[in-house]
Amino acid sequence: SSNKVSSDPIIGKWEGVSVFDYDTKKVSPLPANSSFAEFKKDGTFTMNMNSAKLNGTWRAMKDTNDTKFDYVYMLSAGSGTAAGIQDGKLMIKIENYMETFEKVR
114 SSNKVSSDPI
124 IGKWEGVSVF
134 DYDTKKVSPL
144 PANSSFAEFK
154 KDGTFTMNMN
164 SAKLNGTWRA
174 MKDTNDTKFD
184 YVYMLSAGSG
194 TAAGIQDGKL
204 MIKIENYMET
214 FEKVR
């Protein structure tokens, strides 16, 4: 299990700051403390997005062709749920939405 790396950049607490709707092509800011995620060293995560609570596992993707992100992850929260880190921001795609998170300091 090579994804259990203590220095992985996804590990930690994140707060949602905005959401992109693929249908309307609009970005909307999120109210403070309305959305958050925590990724743990053991490969599990918990996430609250718009009052939906998700629990699951994450793993880092190797050999990805997605050059837009510095790091890419697969999440076990539904089909095709993926995450990526770009410029220190975590982006999680679920269904028709892409939510952007910033690390909680």
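The number in this note's numbering is simply the position in the sequence shown, starting from 1, with 113 added. For each residue, glycine too, the CB sits at the ideal point set by N, CA and C.
Could you give the distance in angstroms between the alpha-carbon of residue i and the alpha-carbon of residue j?
i, j, result
"D136", "N168", "26 Å"
"Y210", "M204", "10 Å"
"V217", "K139", "25 Å"
"R172", "F214", "18 Å"
"V170", "P144", "Checking the sequence, you will find Thr at residue 170 rather than Val. Roughly 26 Å between the two C-alpha positions."
"I198", "T180", "11 Å"
"I123", "S141", "23 Å"
"V130", "E151", "15 Å"
"V185", "N178", "10 Å"
"M187", "E128", "19 Å"
"M160", "D121", "18 Å"
"T157", "T194", "14 Å"
For residue i, is the classification buried or exposed, using 16 other Cβ atoms within 10 angstroms of its Cβ as the cut-off for buried?
i, result
"S148", "buried"
"A86", "Not covered by the structure: residue 86. The range shown for the chain is 114 to 218."
"G201", "exposed"
"E208", "exposed"
Could you give the first and the last residue of the continuous beta strand (DSSP E) run that contains residue i?
i, result
"I205", "K202 to I207"
"A150", "F149 to F152"
"I123", "That residue, I123, is in no beta strand (DSSP E); it is neither H nor E in DSSP."
"M211", "Y210 to K216"
"K138", "Counting along the chain, K138 falls outside any beta strand (DSSP E), and DSSP gives it neither H nor E."
"T157", "T157 to M162"
Closest to residue i by CA distance: which of the options is it?
i, options, result
"K206", "F133, E128 and G125", "F133"
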